[in-house]
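Chains Z and H supply the protein sequences, listed in that same order.
In terms of the working numbering, the first sequence is residues 1489 to 1900.
In terms of the working numbering, the second sequence is residues 109 to 400.
Where a beta carbon is used, it is the ideal one built from N, C-alpha and C, also for glycine.
Reviewing the structure listed below.
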Amino acid sequence: MSEQILAENLAPKKSFWKFFASELKPRGKLFTIFNMISVPMVLLAAVIIVIRFIYGLSAVSNVTQSVPWGLWKGFNVVTGVAFAGGAYVLTFMVYILGMEKYKPLIRVTVLNGFLAYTFYAFALILDLGKPWNIINPIIGNSFGTSSILFLVAWHFMLYIVAQLIEFSPTIAEWLGSERARRNLKRLTIGAVVFGITLSTLHQSGLGALFLMAKGKIHPLWYSEFIPTLFFISSIFAGLSMVIFQGSILQKVFSYQLDQHSDERHDIMIRGLSRVCAIAMFAYFFLKIIDMVHNHTLGYLMSPMGAWYMVEMIGFVLIPMLLFVYGVRIGTPFIIKLASIMTLVGIVLNRMNVSVIAYRWDEIPRYIPTWMEWVVTVSILFVQVWIFRWVIHRMPVLRTMEAMTLSANKVIK
Amino acid sequence: MSIDRREFLKTLGVAGASLSGAKALAKSTPEPDAQEFYAILHDITLCEGCQECEFACAAANNLPAPADDDFPDSAKKRLLKPDQYSVINAVETSVGEVYTKQQCMHCAQPACASACLTEAMKKTKEGPVTWTEGKCMGCRYCMISCPFDIPKFEFDDNNPKIGKCQMCFERLKQGEVPACVENCPADALTFGKRSDILREAHKRILDDPDSYVDHVYGEYEAGGTSWLNLSPVPFDELGFKTNLETKPYPDLTKGFLYSVPSVFILWPALLLGLREATRKEDKELEGGADHE
Chain Z
1489 MSEQILAENL
1499 APKKSFWKFF
1509 ASELKPRGKL
1519 FTIFNMISVP
1529 MVLLAAVIIV
1539 IRFIYGLSAV
1549 SNVTQSVPWG
1559 LWKGFNVVTG
1569 VAFAGGAYVL
1579 TFMVYILGME
1589 KYKPLIRVTV
1599 LNGFLAYTFY
1609 AFALILDLGK
1619 PWNIINPIIG
1629 NSFGTSSILF
1639 LVAWHFMLYI
1649 VAQLIEFSPT
1659 IAEWLGSERA
1669 RRNLKRLTIG
1679 AVVFGITLST
1689 LHQSGLGALF
1699 LMAKGKIHPL
1709 WYSEFIPTLF
1719 FISSIFAGLS
1729 MVIFQGSILQ
1739 KVFSYQLDQH
1749 SDERHDIMIR
1759 GLSRVCAIAM
1769 FAYFFLKIID
1779 MVHNHTLGYL
1789 MSPMGAWYMV
1799 EMIGFVLIPM
1809 LLFVYGVRIG
1819 TPFIIKLASI
1829 MTLVGIVLNR
1839 MNVSVIAYRW
1849 DEIPRYIPTW
1859 MEWVVTVSIL
1869 FVQVWIFRWV
1879 IHRMPVLRTM
1889 EAMTLSANKV
1899 IK
Chain H
109 MSIDRREFLK
119 TLGVAGASLS
129 GAKALAKSTP
139 EPDAQEFYAI
149 LHDITLCEGC
159 QECEFACAAA
169 NNLPAPADDD
179 FPDSAKKRLL
189 KPDQYSVINA
199 VETSVGEVYT
209 KQQCMHCAQP
219 ACASACLTEA
229 MKKTKEGPVT
239 WTEGKCMGCR
249 YCMISCPFDI
259 PKFEFDDNNP
269 KIGKCQMCFE
279 RLKQGEVPAC
289 VENCPADALT
299 FGKRSDILRE
309 AHKRILDDPD
319 SYVDHVYGEY
329 EAGGTSWLNL
339 SPVPFDELGF
349 KTNLETKPYP
359 DLTKGFLYSV
369 PSVFILWPAL
379 LLGLREATRK
389 EDKELEGGAD
399 HE
């Protein structure tokens, strides 16, 4: 049945390029509020990027000799990767543990992870002083194998490929090639196993990057457990992103979803909330053990200590309790709120480790310029553009069948 | 063939002796360790803050010489810059004004070199930690990792370089001593093999314990450095970092790096095992699309 419809509607009777060109055309309203804000912003960011490559980093960025990593690395790379952790957690739950009920979330989460990683790699290149030399650690004329960054960079690249393989059956469906879909589908489990392994190592590896900055990161944030803490927090960061994103998708793309999807979505969200709460408890507990172990309790009474408590109580402990409470009384609003607070907490934590508590004693402080913010936000905007483009065309939220049916309805 | 108890013990003893003998032999072969690197001693009690080393450094590395109004002054701290590899600061202490010299410490096991993913930062077997422009991709992870905050980056350049002391590596290869050492008029700088320099430093403390604190800065800091300092006052009074590890900084990442191969082998096996254990009989996982 479905293959028939596929064959009738999408089988490339037209050449591939004609089909692709027709798909490139925007669909839907062009003058939405989101577009009115994002288009000028991205254009402005393009100008800023040109200035950055002509005059050097300091023309647009406030990074200093003592705080050499700023917003682009701290937010786009270190924080963004944690947010994209949902893909490996969900593929683990569905493909490894066989939790079928979360399957509807897989495609959209993997797509999001793939885009996130691709764009954060782009953000990283913007920040490099000599981006053309990025080829060196790749082609192997100088392998710095003792470097954690080397490990993270390679895992980053390989994981992008693994995610592309995980997502590729969707692309094959879009192009209407059933044979390609079947063949690509065979690769999924390998890509999933490989992807989870890579994620374990680079999520923790991002934390391990800061192991050598002992004495330069405030003792409340520095810990020999940073890799473990980064790994655990990537679980609830990724799942909170899935929950938060899901609530937006339910609204924006509601026309793609049937009437049962709300109910089904709520069930999935409640399950993920439980996982979040447990992971957050483990994280919070490990933080406390670490504090006792390293005798850093005394720092809590300092201004940095107050800032630490904002992060740990306001954006870890409270959202954790909200997740539990939200699941118990069954209120999606509470769960959404908890997921947003968790995401804020992750931003705080990653920014604290890489920028704010890094050389906390240094004066003057690093404060990002407006230009750094524009580029950071624009990278997210372009990511949303591509995400939207894909969702409109490929069978991510719904089946190909449903897509063609609704397309026929519109034509009629 | 039977072997009696006495014979057996004898054999054991011979084997044991040969084992320990082999060990002793292995110990006696000299390993190229931190002791064989070149090192430089800065004796702060002798330094007059004349800046000759700064001018020599600038000339040797084709860098701009310090400006006329840029001299050591205890009222302001002068900083290393991408185009200034060595800097003299005046510090007011309990024994009066003294002069410190800051530059790359050339650690025996440098954090920057272990951080570098392109081997642009490298510990040479002679001792200097060098930077190679053609390899560097400008990620600045060396700056994040360096416990002494030494590498400086040309943020205002579209083809930026990392600036830091290279211990005049080119001069060393030609048998010359570093430019700063050669041009020091006060003999505050001494160059030589690290073991000799360390011995000399401890000798000075022993000979004149009233003039020095009993601490050679760099002997154990960050696991040992090729730049050593002698001071008349405790080093924290001079603004030197005193909260440093005494083991090499790359050791901090070793545990993580060692765990990587284990995870790489164990995780896939564990994941595939879990998958088999939880697999459903009807194999719907491979069959259907991702949608129900």
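Looking at the C-beta of residue i, does it have a partner C-beta in chain Z at a distance below 8 Å?
i, result
"residue 251 of chain H", "yes"
"residue 376 of chain H", "yes"
"residue 308 of chain H", "no"
"residue 357 of chain H", "yes"
"residue 225 of chain H", "yes"
"residue 345 of chain H", "no"
"residue 257 of chain H", "yes"
"residue 168 of chain H", "no"
"residue 183 of chain H", "no"
"residue 265 of chain H", "yes"
"residue 203 of chain H", "no"
"residue 388 of chain H", "yes"
Taking 7 Å as the cut-off, does the CB of residue i come closer than this to any heavy atom belonging to the ligand SAM?
i, result
"residue 250 of chain H", "Among the ligands in the structure shown, none appear at all, so the ligand SAM cannot be discussed."
Helix, strand or coil: which one does DSSP assign to residue i?
i, result
"residue 1624 of chain Z", "helix"
"residue 283 of chain H", "coil"
"residue 1775 of chain Z", "helix"
"residue 1713 of chain Z", "coil"
"residue 77 of chain H", "Limits of chain H in this structure are 109 at one end and 400 at the other, which puts residue 77 of chain H out of reach."
"residue 353 of chain H", "coil"
"residue 1583 of chain Z", "helix"
"residue 175 of chain H", "coil"
"residue 131 of chain H", "Bear in mind that a pLDDT of 41 at residue 131 of chain H, under 50, signals an unreliable position, so the model cannot answer this."
"residue 1557 of chain Z", "coil"
"residue 333 of chain H", "strand"
"residue 274 of chain H", "coil"
"residue 1633 of chain Z", "coil"
"residue 1783 of chain Z", "coil"
"residue 147 of chain H", "strand"
"residue 1743 of chain Z", "helix"
What does residue i touch in chain Z if you count any residue whose Cβ is under 7 Å from its own?
i, result
"residue 222 of chain H", "1634, 1635"
"residue 372 of chain H", "1685"
Closest Cβ-Cβ distance between residue i and chain H: below 8 Å?
i, result
"residue 1586 of chain Z", "yes"
"residue 1818 of chain Z", "no"
"residue 1650 of chain Z", "no"
"residue 1745 of chain Z", "no"
"residue 1621 of chain Z", "yes"
"residue 1630 of chain Z", "yes"
"residue 1852 of chain Z", "no"
"residue 1545 of chain Z", "yes"
"residue 1757 of chain Z", "no"
"residue 1671 of chain Z", "no"
"residue 1891 of chain Z", "no"
"residue 1688 of chain Z", "yes"
"residue 1554 of chain Z", "yes"
Please determine, among the options, the residue with the shortest C-alpha to C-alpha distance to residue i.
i, options, result
"residue 265 of chain H", "Z:1549, Z:1591, Z:1769", "Z:1549"
"residue 1711 of chain Z", "Z:1627, Z:1687, Z:1580, Z:1777", "Z:1777"
"residue 1736 of chain Z", "Z:1872, Z:1611, Z:1720, Z:1539", "Z:1872"
"residue 273 of chain H", "H:347, H:388, H:169, H:154", "H:169"
"residue 1833 of chain Z", "Z:1721, Z:1708, Z:1506", "Z:1721"
"residue 1731 of chain Z", "Z:1702, Z:1761, Z:1707", "Z:1761"
"residue 408 of chain H", "H:333, H:357, H:321, H:256", "With chain H covering only 109 through 400, there is no way to say anything about residue 408 of chain H."
"residue 1744 of chain Z", "Z:1587, Z:1879, Z:1838, Z:1525", "Z:1879"
"residue 211 of chain H", "H:245, H:360, H:161", "H:161"
"residue 1569 of chain Z", "Z:1645, Z:1754, Z:1804, Z:1635", "Z:1645"
"residue 1674 of chain Z", "Z:1654, Z:1522, Z:1506", "Z:1654"
"residue 277 of chain H", "H:249, H:240, H:226", "H:240"
So which residues of chain H does residue i contact, with C-beta pairs closer than 7 Å?
i, result
"residue 1858 of chain Z", "Correct list: empty, because the minimum Cβ distance to chain H is about 18 Å."
"residue 1715 of chain Z", "364"
Is residue i close to chain A? Criterion is C-beta to C-beta, closer than 8 Å.
i, result
"residue 262 of chain H", "The chain labelled as chain A is not found among the protein chains of the depicted structure, namely Z and H."
What in chain H is Cβ-close to residue i, meaning under 9 Å?
i, result
"residue 1681 of chain Z", "375, 376, 379, 380, 383"
"residue 1624 of chain Z", "225, 226, 227, 228, 242, 243, 244, 245"
Mind pulling the chain H residues with CB within less than 8 Å of residue i?
i, result
"residue 1557 of chain Z", "248, 252"
Using a cut-off of 8 Å between C-beta atoms, extract the partners of residue i located in chain Z.
i, result
"residue 219 of chain H", "1700"
Per DSSP, residue i forms a beta bridge with which residues?
i, result
"residue 204 of chain H", "H:201"
"residue 237 of chain H", "H:231"
"residue 184 of chain H", "H:181"
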